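Chains as they are written, first to last, in the working numbering: chain Y, 48 to 478; chain C, 70 to 507.
What follows is one structure encoded as structure tokens, with my remarks underneath.
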């Protein structure tokens, strides 16, 4: 794993050869004296620009009592600053032919923005304003809180979301990955303006922030303005409290009742973080089982047995211990058969090695997924910022692609045995 | 649609907001018609090393009969289920083995098969599409299995209120017209699909004269053409003629429907018939939609969502189809506010009809269209979709000149379009409200 520590200040320019792009791509990374990191990628292909401002704050920095605070704070950032009301922020973004939005995730929180490139500087100012001068207006807060509580209620009525939430809770126990970034009703209902602002002051420190800008811009201009806007933030430290470990894996099975036309069947186990040496092999295994339309879930469970319209495997790796989830939606009267078939799939990949062709297709699929996902400037900005924030450097994704290409049949079987041996099951079905 | 079901409606209906275009000196496609009638559209686009190879067939729900409802979509699924050359699953392995992706959609006016691959695999993509279109097997065992998959697709839609409400609104706005039919068919018509009638459907509609191929990426027409000549170029012309177009009865009254659903979240949708893409009025209706609820700072977002807080989400779309269009407003709200929100929406429409938009609103709506265009054209697949939809449902020029023409629309024309196309005394309205708790 390429663990590049960003321990030194200064500007260094790198020309990164990214295989998926025909044109040479200029990427520049810089760390300001206060610890704030900025990455700029010049891409003149279209007259647009994407921004991603990431902060190391998310469910991972929450407790059961303030679950959802990161996401709620992010939403409030774009609802009012010392200079502008929420309505003015939205209208300003519209005038720039752009968008600005913010949300919280597991390991990070993002302010994401786009603009026509002729307005790149105005949008950078706006991103800086919402990040640095939020007021968390009391009047809007009530509306946002009610909105979030209703969203949480709505999740409880969607069979797919219920299955996901119940599975998280079972897998992660007291670790904060146990709840969705939207939070829990009891905690969100009690979050006040003071709590949000205190949390903001604790988390929004320059050493915990990365801004990436990708698009039709000039690096030197962007750098100059970023230094002016973000360079004045005072440096500070964030105290991190250790997070409780997830409970040891056990073969549990829970059934829940939610009205709907489909039954949802989820099977999941704990899986390593993205910095782990098994990351690439487990990604390839996930693709073989339930990646694209060449995957086993799609070809066996859907095409051959017609047990589902969608059946997927998902391994989203985080900074801490993460999870592999197999999920399938099916007609309620097929649920029993589908559960047995899914279980059979998870056993087979452990018991017999995948074919050479399957592994080759899956390797290409995993590498291709990233190339496909990175085509827009907004996604490019996110990739650059996410790797920098995680401390692995933006080169990580190229090293990862190279590692994926080296995964063998033996690797796939080994990680399948290691991580799929004991699984939890959650079934959500209509009454 | 095959895989990304979440976006079933948004993509299937081809919102005008995504299919905008601009006369840009750097983007001008090469259009060639082959001897057998197939149209080849090639656009050089060098933002990434991925090429979009999209096949468009002018077949879809509107070409079905009452007995074959859902068969255009069934056909789309079956083309991935084995050809004379390739077994079931081969196409997916071949595409994903290059690092690429494939998908397909059926709408009212067309079915499209979309392959995205690294540039060196253009030939592979064309081979696959050619074989799928002209030499699919329609194995009866595969038909039986795939039918169950489509029934699952239908259950997913039922469980997704945002898709279900728009589909039902189409049924009301286009009552008795092909655009009001269920895309996925009915259990009876789906059970009636056989190898013979699916093959007959294929022979009738999958002909070169009824197809276009759109290739967008780092490739030039002169290198793509020979690859097409030795695949699609080999298929004979069949002298296909398009069926005649039925006439559409206007909405003359307010038609309301309320549906009880298991979820507590309520949904409301209001819809009107609108001009088709080729009609100049459709541009003014696009701007009406943006000004009322097509952006974050639109009138309904500011009034109903931000100030009065009686909706949590409100959007408006002008979807242009080949024979007509549909302009509709969708809101997410609490069940107790359904009547209030309907009344408030009508008041805001009336206000626009009386005073028209401000100059700033008109400017903003045009900027929004420029921005949608610029972001859609960021990727080769965005361009391929825009070209294919325009060519199949109107003309390519409607797409290429879109922004230039949009800038000529005046505030008065926007006001007049609101008066003409959004009468507050004749529209369809549907609400999803919570049913009795079980």
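Cβ atoms here follow ideal geometry from the backbone N, Cα and C, with glycine treated the same way.
Note that the structure is predicted; figures quoted are calculated from it, not measured.
A distance below 6 Å between beta-carbons, with the five flanking residues on each side excluded, links residue 381(C) to the following residues of its chain, in chain order: 401.
Rounded to the nearest whole angstrom, the CA to CA distance from residue 239(C) to residue 220(Y) is 45 Å. Shown here is that no member of the region 335–356 of chain C has a Cβ falling below 7 Å from a Cβ of chain Y. With its beta carbon less than 8 Å from one in chain C, residue 377(Y) belongs to the interface. Non-local C-beta neighbours of residue 348(Y) in its own chain, meaning closer than 8 Å and more than five positions away in sequence, comprise 354, 355, 358, 375, 385, 388, 389 and 392, ordered along the chain. Relative to the Cα of residue 438(Y), the nearest Cα in the group 154(Y), 329(Y), 113(Y) and 94(Y) belongs to 154(Y). For the 8 Å CB-CB criterion, residue 473(Y) and residue 296(Y) do not form a contact.
Positions of the alpha helix (DSSP H) runs, each at least 4 residues long and wholly inside the region 243–331 of chain C, are given as 256–260, 264–274 and 290–298 in order along the chain. Its Cα nearest to that of residue 487(C), the residue 358(C) stands out among 301(C), 332(C), 223(C) and 358(C). Taking 8 Å as the threshold, the shortest C-beta distance from residue 366(C) to chain Y falls below it.
Counted as a single uninterrupted DSSP element, the stretch harbouring residue 264(Y) is not any beta strand (DSSP E), since DSSP gives it neither H nor E.
Not a single CB atom of chain Y sits nearer than 8 Å to the CB of residue 455(C). Per the DSSP secondary-structure output, residue 387(C) pairs in a beta bridge with 396(C).
Around residue 134(Y), the beta-carbon contacts reaching into chain C at under 8 Å are 366, 371 and 375. Of all C-beta pairs linking the region 253–266 of chain Y to the region 430–445 of chain Y, three or more are shorter than 8 Å, placing the two stretches in contact. Contacts with chain Y (Cβ-Cβ distance below 9 Å) from the region 101–121 of chain C involve 114, 115, 116, 117, 118 and 119, listed in chain order.
Close partners of residue 431(Y) in chain C (Cβ separation under 8 Å) are lacking, with about 16 Å as the shortest Cβ gap. Look at residue 134(Y) here: in three-state DSSP terms it is helix. Interface criterion not met: the Cβ of residue 330(Y) is under 8 Å from no Cβ in chain C. When DSSP reads this structure, residue 500(C) sits in a beta bridge with 327(C) and 337(C). Straight-line measurement puts the Cα of residue 170(C) at about 10 Å from the Cα of residue 163(C).
In the displayed model, residue 181(Y) falls within a strand according to three-state DSSP.
Contact annotation, residue 213(C) with residue 453(C): C-beta distance approximately 33 Å; criterion of less than 8 Å not satisfied.
The shortest CA-to-CA distance from residue 385(C) to any of 391(C), 377(C), 367(C) and 378(C) is the one to 367(C).
When 8 Å is used as the limit between beta carbons, residue 88(Y) is near no residue of chain C, the shortest such separation being about 13 Å. From the listed residues 477(Y), 78(Y), 478(Y) and 475(Y), the smallest Cα separation to residue 273(Y) is found for 78(Y). Of the residues assessed, residue 265(Y) falls on the exposed side of the cut-off, its CB having fewer than 16 other CB atoms within 10 angstroms. By the neighbour-count criterion, in which 16 or more other beta carbons inside 10 Å mark a residue as buried, residue 187(Y) falls on the buried side. Residues of the region 474–494 of chain C with a Cβ closer than 8 Å to any Cβ of chain Y: none.
Following the DSSP letters along the chain, one finds residue 429(Y) inside the alpha helix (DSSP H) bounded by residues 424–436. Straight-line measurement puts the Cα of residue 195(C) at about 40 Å from the Cα of residue 166(Y).
Taking 8 Å as the CB threshold, residue 309(Y) lines the interface with chain C. By alpha-carbon distance to residue 404(C), the top candidate from 428(C), 337(C), 423(C) and 455(C) is 337(C). In its chain, beyond the 5 residues on either side, 143, 145, 160 and 162 have a beta carbon closer than 6 Å to the beta carbon of residue 170(Y). Boundaries of the alpha helix (DSSP H) around residue 480(C): 480–490. If you look at residue 246(Y), you'll find it in the alpha helix (DSSP H) that goes 240–250.
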